[in-house]
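*Asks:* Pasting in a structure now, in structure tokens, and then I'll have a few things to ask.
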Amino acid sequence: MSKTAINWQSPETAKRLARRYAAERRFKALGYTAVLLSLTFLAFLLVSMLAKGVGGIDWQFLTSSDSTDPLNAGVWAAVKGSLLTMIVTIVLALPMGVLAAIYLEEFAPKNRWVDIVEVSINNLAAVPSIIFGLLGLAVFINTLNLPRSSPLVGGMTLALMTMPVIVIAGRNAIKAVPPSIRDAALAVGASRVQTVFHHVLPLALPGILTGAIIGMARALGETAPLLMIGMRAFVPAPPGGITDPSSVLPMQIFLWSDEVDRAFVQNTSAAIIVLLVFLLAMNGFAIYLRNKFETRW
Amino acid sequence: MTFSALLILVAGLGLIGWLVAKAKAQKLNTGRGAMHSRPGHHAWNMALWIMVPALIGLGAWSNISPGLVHNAVLADPAAATLPMMDMERNAVLSDAYALAANPNAAVFNPDAQKLVGAVKAAQTKFGLIGALITLLLAFAGGAYGYTKITAGYPARTRVERVVLGVLLIASLLAILTTAGIIASLLYETGIFFSKVSPVEFLAGLHWSPANGSFGAVPLFWGTIFIGAIIAMIVAIPLGLMSAIYLTQYASAQMRRMLKPMLEILAGIPTVVYGYFAALTVAPLVRDFAGAIGVANPSTESALAAGLVMGIMIIPFVSSMADDSIAAVPQAMRDGSLAMGATRSETIKKVLIPAALPGIVAGVMLAISRAIGETMIVVMAAGAAARLSANPFDSMTTVTFQIVQLLTGDQEFDSPKTLSAFALGLVLFVVTLALNVIALRVVKRFREAYE
Chain P
1 MSKTAINWQS PETAKRLARR YAAERRFKAL GYTAVLLSLT FLAFLLVSML AKGVGGIDWQ
61 FLTSSDSTDP LNAGVWAAVK GSLLTMIVTI VLALPMGVLA AIYLEEFAPK NRWVDIVEVS
121 INNLAAVPSI IFGLLGLAVF INTLNLPRSS PLVGGMTLAL MTMPVIVIAG RNAIKAVPPS
181 IRDAALAVGA SRVQTVFHHV LPLALPGILT GAIIGMARAL GETAPLLMIG MRAFVPAPPG
241 GITDPSSVLP MQIFLWSDEV DRAFVQNTSA AIIVLLVFLL AMNGFAIYLR NKFETRW
Chain S
1 MTFSALLILV AGLGLIGWLV AKAKAQKLNT GRGAMHSRPG HHAWNMALWI MVPALIGLGA
61 WSNISPGLVH NAVLADPAAA TLPMMDMERN AVLSDAYALA ANPNAAVFNP DAQKLVGAVK
121 AAQTKFGLIG ALITLLLAFA GGAYGYTKIT AGYPARTRVE RVVLGVLLIA SLLAILTTAG
181 IIASLLYETG IFFSKVSPVE FLAGLHWSPA NGSFGAVPLF WGTIFIGAII AMIVAIPLGL
241 MSAIYLTQYA SAQMRRMLKP MLEILAGIPT VVYGYFAALT VAPLVRDFAG AIGVANPSTE
301 SALAAGLVMG IMIIPFVSSM ADDSIAAVPQ AMRDGSLAMG ATRSETIKKV LIPAALPGIV
361 AGVMLAISRA IGETMIVVMA AGAAARLSAN PFDSMTTVTF QIVQLLTGDQ EFDSPKTLSA
421 FALGLVLFVV TLALNVIALR VVKRFREAYE
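Taken in sequence, the protein lines are chains P and S.
So for the first sequence, this note's numbering puts the first residue at 1; every next one is plus one.
So for the second sequence, this note's numbering puts the first residue at 1; every next one is plus one.
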């Protein structure tokens, strides 16, 4: 300890402080710039799509199907294909995902098998989507001989991809239900299965559904795995059922973006707007669900 | 009787059984403690006894019966005139099946017409046998279940055992998917490696599947250059600084507004990014390259794809950095501030070093996502496999080649299509390794501060 106190008023310390404060301001500005830059990219992307595509959206575009003539081409076949694919996906992935989440969170014993299940679910959530496409191609199409390019195979492939997302969201939602609820049910004589299905699951359902919708939104925008299973055919009429050849909305965007005719640029951007509106609606609904039903214990 | 009609019938019988059992159990339920299980459980027990054996029987029968129908048709006198060659015979037979299902079906073999009668007869006969077996099983199961509706029967325990089994099967599906991925990739890759040596594949410098050269190093390099270098040069500074600003400087209100907006970036489909990269960013990059004196800049460039991929990854890096900075104990931050350090000094000298393992793990996860990304590179990066460090060159990636090799007309066992599975296996192994390591780092890092 030196006996002379530091002179805070001396020019040197003042200068040093000023330098440190300037560094502080620079750092803060840097952070602000990073956020701003990222959001500028977002705005640039959205505005450029809107500017190019909004003129192409009219009733005719929304109700007609793909065509070689850009003026007559529309998105209805692709929208319907997406819809059918999503129905297959949700019908398979939601029950399976929820049941698996219930098992892992409420009933699973602590042993090596359950560890393997947990590890593989966490890893599946991070596997690149194109790998699921390879799986779909090898198993569903080449081994099981299911119809190529159909919403059935597309939906099954996307369901495998979405299930881990639902399991993880479901487990978090179930974990958030306080143990006192379970204890109360068990105390009045309910079995563990009754406790879970009558009390825990209804309370966890909003959280599970939020996760499921977000997983579905991701599946709706997915293109790569569907390319693998051949959903890139030219489909001039909307599919009649889940085994008909079909296209989906992101695939339509991809196909049109490859067209040489410049007139398809407007169509592509318009289809992107339609897709983004769907995604926005789904995410908005998920946020609404969360805010409306979220319970803080 | 068709499969779906039988399915509905079994479900209907199950419903009837449910109602009957419930009524009987309610009669037995004379008061408190009269029964082991509630009537509802008895009802479910009965429904399960009806439906499970019947469905198992139906499933087994629908696997056996096509073979039986086939044999019956071949044994028919009308089939004696069929060609001996297996392939031709099967073609005629499949036409006959199509005609039996739909009399107006378009077929190539006129012979098929003669067989329609035999096919229909065999199908009716074995269909009826199947229906009988199913119904018999349903009634036998139902009768057995009905005798079990007694006051002492532990219906709840039995039903819940079935429920637990169903839950277990659902969770095993995850293992099944993983095993399916590994098995299908390994199997096809095995066939590929029997035709092309693994050494050539993993170390060869020349990639041109059309001419039979399968050296994948240029693809690996392109993938790393675009996904792990260019994209990360964009995503790490922007993501990290955004996370720091949002967690350390922004007011709560601003954070509530900005964070979801940043996360929109992660929710935009990759095909939209790809289109944006190809249509808007790539020409800008080309013009820029021309302006700084690159000769013959191409529209498809590694830089355009990498830039857009980096933007896509920003929210990912930012949320991982956010989590790891939040996990640093408050005491460390308070200590630094109390010593007179400014906020930026605290961040740079205390928070980031302490959060570094988590941030590094986040970057690894981001890289694993970037190298598996497909649509952006398919639409913006190009098809030329070359070893080059020039970001303005067109460059190709593993995912691009998988798409390229597997779309369009293909025969399934050429080395060309099989090589796509080998590339997929490499991609799977690398992303898996990155994830496992990253998750382990994160776990150890969390434990260090708990």
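For each residue, glycine too, the CB sits at the ideal point set by N, CA and C.
Here the structure is a predicted model, which is why all the values come from computation and not from measurement.
(1) From ARG343(S) to ALA159(P), what distance separates their C-alpha atoms?
(2) Between the stretch 151 to 171 of chain S and chain P, which residues of the former have CB atoms less than 7 Å from a CB of the latter, in chain order?
(3) Given this structure, state the Cα-to-Cα distance separating LEU58(S) from ALA101(S), to the nearest angstrom.
(4) Quick check on PRO128(P) - is its C-beta less than 8 Å from some C-beta in chain S?
(5) Whole angstroms is fine: what's the gap from LEU17(P)'s alpha carbon to TYR245(S)'s?
(6) Note down, in chain order, every chain S residue with its Cβ under 7 Å from the Cβ of LEU255(P).
(7) For the alpha helix (DSSP H) containing ASN229(P), list its first residue and its last residue.
(8) Please list the partners that PRO206(P) has in chain S, where partner means a Cβ-to-Cβ separation under 8 Å.
(9) Going by C-alpha to C-alpha distance, which of TRP221(S), LEU262(S), GLU160(S), THR147(S) sits closest to ALA43(P)?
(10) Within 8 Å of any Cβ in chain S, is that where the Cβ of GLU12(P) sits?
(11) Just verifying my parser: in three-state terms, what is the DSSP assignment at MET1(P)?
(12) Kindly say whether LEU30(P), judged by its beta-carbon, lies nearer than 8 Å to any beta-carbon of chain S.
(13) Do PRO70(P) and THR431(S) come within 8 Å of each other at the CB atom, strictly closer than that value?
(14) Look at the alpha carbon of LYS110(P) and the alpha carbon of ASN104(S), and state the distance between them as a whole number of angstroms.
(15) When the Cα of THR63(P) is compared with those of ALA263(P), LEU279(P), PHE285(P), VAL274(P), which residue comes out closest?
(16) Tell me the rounded alpha-carbon separation between LYS24(S) and GLY145(S).
(17) May I ask you to report which of helix, strand or coil DSSP gives VAL260(P)?
(18) Checking the sheet assignment: what are the DSSP bridge partners for SER197(S)?
(19) Suppose contacts are defined by Cβ-Cβ distances below 8 Å. Is GLY130(S) in contact with ALA54(S) by that definition?
(20) Using 10 angstroms around the beta-carbon of ASP95(S), count the other beta-carbons present and answer buried if the total reaches 16, otherwise exposed.
(21) Quick one: list the residues of chain S neighbouring GLY221(P), beta-carbon separation under 9 Å, in chain order.
(22) Check the C-beta distance from THR399(S) over to ILE130(P) and give it rounded, since I have them as a contact under 8 Å.
(23) Is PRO238(P) buried or exposed, if buried means 16 or more other CB atoms sit within 10 Å of its CB?
(24) Roughly how many angstroms lie between the CA atoms of THR178(S) and GLY382(S), to the nearest whole one?
(25) Indicate the three-state DSSP secondary structure (helix, strand or coil) for SER62(S) in the structure shown.
(26) Report the rounded CA-to-CA distance for VAL294(S) versus ASN122(P), giving the unit in angstroms.
(27) With a Cβ-Cβ cutoff of 8 Å, do GLY306(S) and ALA384(S) count as a contact?
(28) Of all the alpha helix (DSSP H) runs that stay within the bounds of the stretch 272 to 329 of chain S, which reach a length of 4 or more residues?
(29) Mind pulling the chain S residues with CB within less than 7 Å of ARG232(P)?
(30) Run through DSSP, which three-state label would GLY269(P) get?
(31) Shortest alpha-carbon distance to PRO237(S) belongs to which of ALA170(S), ALA278(S), ILE314(S), TYR249(S)?
(32) Within its chain, find whatever has a CB closer than 8 Å to the CB of ALA204(P); leave out the 5 residues flanking it on each side and keep chain order.
(33) Per DSSP, what are the beta-bridge partners of TRP207(S) in this structure?
(34) Could you tell me the alpha carbon to alpha carbon distance between ALA190(P) and LEU146(P), rounded to whole angstroms?
(35) Got a sec: is the Cβ-Cβ distance from ALA283(P) to anything in chain S below 8 Å?
(36) Going along the stretch 85 to 112 of chain P in order, which residues come within less than 9 Å of chain S, judged by CB to CB distance?
*Replies:* Taking the definition as stated:
(1) 46 Å
(2) ARG156, GLU160, VAL163, LEU164, VAL166, LEU167, LEU168, ALA170, SER171
(3) 20 Å
(4) yes
(5) 22 Å
(6) Ordered by position in chain S, no residue passes the 7 Å Cβ test against LEU255(P), which lies about 10 Å from the chain.
(7) It should be noted that the sequence gives Ile, not Asn, for residue 229(P). Premise fails: ILE229(P) is in no alpha helix (DSSP H) and is neither H nor E.
(8) Near PRO206(P) there are no residues of chain S at all, since even the closest Cβ is about 19 Å away, more than 8 Å.
(9) LEU262(S)
(10) no
(11) Its pLDDT being 47, under 50, MET1(P) is placed unreliably in this model, and the coordinates cannot settle the point.
(12) yes
(13) no
(14) 59 Å
(15) VAL274(P)
(16) 12 Å
(17) coil
(18) Per DSSP, none; premise fails for SER197(S).
(19) no
(20) buried
(21) GLY267, ILE268, PRO269, THR270, VAL271, VAL272
(22) 5 Å
(23) buried
(24) 31 Å
(25) helix
(26) 45 Å
(27) no
(28) 282 to 291, 302 to 326
(29) THR407
(30) Checking the sequence, you will find Ser at residue 269(P) rather than Gly. Helix, per DSSP.
(31) ILE314(S)
(32) GLY170, ALA173, ILE174, ALA176, VAL177
(33) PHE214(S)
(34) 44 Å
(35) This sequence places Asn at residue 283(P); Ala is not what is there. Yes - at least one Cβ of chain S is within 8 Å of the one on ASN283(P).
(36) PRO95, MET96, GLY97, VAL98, LEU99, ALA100, ALA101, ILE102, TYR103, LEU104, GLU106, PHE107, ALA108
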